[in-house]
Structure formats: structure tokens, C-alpha cells
Amino acid sequence: NLNTLNFTVQAAAPAYPLCAAWRAGSEGSVFHLAHVLLLLGFMGGSGFYGLLYLLSLLSLGFFCAALWAWTDPCSTEPFLWTFALFCACVAQLLHVSYRLRSVSFDRDFQELYGVLFQRLGVSLTCFGKIVSCCEAQVQVLDRDHCFAVEGKTPIERLSVLLSGRIRVTVNGEFLHYIHPFQFLDSPEWDSLRPSEEGVFQVTLRADAPCRYVSWRRKKLYLLFAKHRYIAKIFALVVRNDIADKLYSLNDKAFDKSGHRYDLRLPSYCHAPGAGADRPDDLLQVPVQGGRTPRERHSQRVEEGAS
9 NLNTLNFTVQ
19 AAAPAYPLCA
29 AWRAGSEGSV
39 FHLAHVLLLL
49 GFMGGSGFYG
59 LLYLLSLLSL
69 GFFCAALWAW
79 TDPCSTEPFL
89 WTFALFCACV
99 AQLLHVSYRL
109 RSVSFDRDFQ
119 ELYGVLFQRL
129 GVSLTCFGKI
139 VSCCEAQVQV
149 LDRDHCFAVE
159 GKTPIERLSV
169 LLSGRIRVTV
179 NGEFLHYIHP
189 FQFLDSPEWD
199 SLRPSEEGVF
209 QVTLRADAPC
219 RYVSWRRKKL
229 YLLFAKHRYI
239 AKIFALVVRN
249 DIADKLYSLN
259 DKAFDKSGHR
269 YDLRLPSYCH
279 APGAGADRPD
289 DLLQVPVQGG
299 RTPRERHSQR
309 VEEGAS
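For the sequence shown, this note's numbering begins at 9 and goes up steadily by one.
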């Protein structure tokens, strides 16, 4: 009776059907636009603005990919994945935008960042830590008021002039001017170790109403201990400022005979012949209480050059 039974056996369909033939047409303009945007997005740079560029294009790219997947009724999983990635990129974009807004500064600190720190590649986040160390406060110095008095004012801070002009004198003798975005006390700062104390050997008086930013020594050294990168940045800008001051002093330093004195060389002026070795050709600078920190730093530069 088994012969009377009629069985028809059909081959089971494969779980993952193979591609029988390539599609005749392309996937459409939205599909290609999505991948072009993704390509451009991954070419973004670093930093806050680089992240904004990257996440903006990635969001647009994943959104276009989600639109393309939505048009195909058989592609539920591609749509869900691309839409989830679109939402993640948008959320990250909003987060970065908020952080960028949170590290915005006043006009004075924006100018300080652009002149001293931006050219060194310091990020806004890192600069925000520098600004918070001085509590984002700008100090004011009226005309003819002294920022420091020689032999009296202790060296306990590091300051940058934002506007105005400061006259530097020693025993009443003019040395040089300090202009905006130059340090007021960089030689004094560099002449002392963190554990040492000292007083100014020069007088700094305002020639016009001045505005400046100051960092306390102890707070700044604590910041350096936590962030070695910031310590290296400050060492670079401070010593560059000292070099500029030394060159400005070199342009104004003359001996009794009228010959220019080069601070980078030993204590003899550039006089021709044997006259250069005479004691009366030495640069005469009145000093109170020994050499000033600016002179000690000059000697340190001379020894390093030799």
C-alpha cells in the first residue's frame, strides 16, 4: 500500500539566498551622498572645531543612509543601525557644542590666548585651566602707580600686561618699557626656584592706565605639578619674553665712550683696539643690593651660550 501514497519532496530554501544576478541600476543618489558625507567627515582634524566638523558630516551621512534604508522595505536592520548611529552623532555633536560654549572667555582672555598660546597649539580646554588658576580676574593699575618697588615688593606672582605701558627703572635709571602681552616680572620669576623667596630689584611704574592678569606663585606651581604640559608652555613663553627684554636692553645699553654694550657677551663693550679692555669701558649700571635678577639671568644666558 505504500505505492499508493504519493509523496512529493521539495528542496528546502536556503536560509541566506545567494545573489542570482547583479542589479542593473545603481542604489540611488541618496546612497552615494551618504557615503560621500561619511568620507568627508572622517577627514576632519583634531580639537573642538575638528570634532564639530567630523560629527556634523557624520550626522548628515548617517541620516542620508537611514533615508536610503527606509526606502527599501526589506532592509529593517540597516535602517535601525544607521538611524541609531545618526542619533549617537547628534548627541555627541550637542555635547561638544556645549563644551565649546562652556570654555568661552572674555575679550581680554581671548586676545591673550590668540597672542601667546594659540600659536603654540594650546587647546581651549587647557587654556581654560590656566584662566581658572587666576580666577579669570583682570587687575587694574592707574597711571603713575607702581606695580613693584625695588627692594620692597616681594616676588610672589607672575603677571602679563593686557593694555597700557609700564616703565622699568633701577635707582631712577630707565631700563626699558613693558608693552601689552609681555610679562611684567618674567626675569624675577625665572630667577627664583619654587622654594625660594625674593624681592624686586627694579621699579615698575605705569605710564598709562594699565590692565593685567596675575597668577599667584603657589597656585601656578600646583597647576604645573598636575599638568606638566602647561608647565612646559609657561617655561617657553616666559623665557621667550626674557629674551625679548634682553634684546631691548641691548639696544639701549652704552658705555661711557658711547659704544654699544652687548649683554650676550662678557662685560666689555665693543670698542676697537686695546681700548676695549680698559676698566672704564665697562657698562656702569647702578645696582642696589647686588645684581638684579635680570642681570643674573643675563649671566646665565651668557654661560649657556659659551
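In this text, a Cβ means the ideal position worked out from N, Cα and C, and glycines have one as well.
Which stretch, first to last residue, makes up the beta strand (DSSP E) that contains Phe155?
154-156
Relative to the C-alpha of Ile174, which candidate in Val146, Leu48, His184 has its C-alpha closest?
Nearest C-alpha to Ile174: His184.
Taking C-beta to C-beta, are Ala73 and Ala99 nearer than 8 Å?
It is not a contact, given that the beta carbons lie outside the stated cut-off.
So, does the stretch 48-65 touch the stretch 80-89, judging by three or more C-beta pairs under 8 Å?
no
Could you give the DSSP three-state label for Val139: helix, strand or coil?
helix
Enumerate, from N- to C-terminal direction, the unbroken beta strand (DSSP E) stretches of 3 or more residues contained entirely within the stretch 160-232.
The stretch 160-232 contains these whole beta strand (DSSP E) runs: 165-171, 174-178, 181-186, 211-214, 218-224.
What are the boundary residues of the alpha helix (DSSP H) that includes Val44?
37-49
Is Ser222 near Ser167, with beta carbons less than 8 Å apart?
yes
Measure the Cβ-Cβ separation of Asp193 and Ile163 and say whether it is below 8 Å.
yes
So what does Leu149 bridge to, in DSSP terms?
Cys218
Start and end of the alpha helix (DSSP H) containing Phe125?
It is not in any alpha helix (DSSP H) - Phe125 carries neither H nor E in the DSSP assignment.
Given Ser64, which residues of its chain have a CB within under 7 Å of its CB, disregarding the five upstream and five downstream residues?
Leu101
Take Cys142 and list the residues in its own chain whose beta-carbon comes closer than 7 Å to its own, dropping the five residues that flank it on each side.
Val221, Ser222, Trp223
Report the residue from Ala216, Ala239, Pro217 whose alpha carbon sits nearest the alpha carbon of Lys227.
Ala239
Go ahead and pull the three-state DSSP assignment for Gly58.
helix
Among Gly58, Leu132, Arg107, Ile241, whose alpha-carbon lies nearest the alpha-carbon of Gln118?
Leu132
Shorter than 8 Å from the beta carbon of Trp78 to some beta carbon of chain C?
Although the question refers to chain C, the structure presented lacks it and comprises just one protein chain.
Quick check on Glu310: does DSSP put it in helix, strand or coil?
With a pLDDT of only 48 at Glu310, under 50, the local geometry of the prediction cannot be trusted, and the value read off the model is given with reservation. DSSP places Glu310 in helix when its eight states are reduced to three.
Could you check if Arg165 is buried or exposed, using at least 16 other CB atoms within 10 Å of its CB as the buried criterion?
Burial is judged here by how many other beta carbons sit within 10 angstroms of a residue's own beta carbon; Arg165 has at least 16 and is buried.
Mark Gly172 as exposed unless 16 or more other C-beta atoms lie within 10 angstroms of its C-beta, in which case mark it buried.
Buried is the call here.
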